[in-house]
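Have a look at the structure below, then the notes.
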Amino acid sequence: MARRDRYPYRPDVHRRLMEAAIVGRTIAYSELGTRRAWVGAYLFRIAHEEDAAGRPPLTWIVVYKTDGKPGPGMVQAMEEINYARPGESESAVWRRADSDVFGYWRGRSVDEALAGWRPRLSDNRSTWHRFQ
Numbered sequence: 017m018a019r020r021d022r023y024p025y026r027p028d029v030h031r032r033l034m035e036a037a038i039v040g041r042t043i044a045y046s047e048l049g050t051r052r053a054w055v056g057a058y059l060f061r062i063a064h065e066e067d068a069a070g071r072p073p074l075t076w077i078v079v080y081k082t083d084g085k086p087g088p089g090m091v092q093a094m095e096e097i098n099y100a101r102p103g104e105s106e107s108a109v110w111r112r113a114d115s116d117v118f119g120y121w122r123g124r125s126v127d128e129a130l131a132g133w134r135p136r137l138s139d140n141r142s143t144w145h146r147f148q
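Under our numbering, the first residue of the sequence shown carries the number 17, and numbering increases by one thereafter.
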């Protein structure tokens with residue numbers, strides 16, 4: 017099985033993230049409505065979808081209820097999509113992602129964002145170069 021096949025796409029989760037970002041709020045892992053065992057795979061795929069679409073790392077807004085911060089896998093995903101800069105601290109990545117994500121989505125409509133859009137990675141295998 018190719019590595020890319022391990023990361024299923026959940027458009028319902030992607031839409032929830034867009035909706036939260038538009039109103040400027042983070043979303044807890046438990047609010048995603050998925051099985052805990054799969055949430056990381058879904059978020060990893062969405063991070064790559066957003067990167068392929070040329071948008072900031074939307075998955076950053078998924079946080080733990082306890083401390084309001086993303087999980088440790090988020091930094092790994094940001095490194096994979098080349099969002100995290102070499103030597104940049106986690107807190108610096110989070111601050112930059114906060115500004116980029118909420119700045120990008122502010123004032124947008126989910127319906128407008130999704131009109132005509134479909135997952136890019138499934139259409140063009142060349143965008144999966146980081147998975148091969």
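We put the beta carbon where it would ideally sit given N, CA and C, even for glycine. Nothing here was measured: the structure is a model prediction, and the numbers come from that model.
Coarse secondary structure for residue i, derived from DSSP in three states
i      : result
ALA100 : coil
ARG20  : Reliability fails at ARG20, whose pLDDT of 48 lies under 50, so the model's placement of it is uncertain and no value is given.
ALA44  : strand
VAL79  : strand
PHE147 : Note that PHE147 scores 38 on pLDDT, short of 50, meaning its location in the model is unreliable; the coordinates nonetheless yield the value given after this. In the structure shown, PHE147 sits in coil (DSSP, three-state: anything other than H, G, I, E or B).
Rounded straight-line distance, which links the Cα of residue j to that of residue i
i      : j      : result
ARG71  : TYR120 : 8 Å
ASP127 : LEU33  : 13 Å
VAL79  : GLY103 : 23 Å
THR82  : GLU106 : 18 Å
ARG61  : PRO24  : 7 Å
LYS85  : ALA131 : 31 Å
Whole-number beta carbon distance between residue j and residue i, since they are thought to touch under 8 Å
i     : j     : result
ILE97 : ILE43 : Going by Cβ atoms, the distance from ILE97 to ILE43 rounds to 19 Å, so no, they are not a contact pair.
TYR45 : VAL29 : No, TYR45 and VAL29 are not in contact; Cβ-Cβ is about 11 Å, not under 8 Å.
Within 8 Å, strictly: CB atoms of residue i and residue j
i      : j     : result
ALA93  : LEU59 : yes
VAL117 : PRO88 : no
THR50  : ARG31 : no
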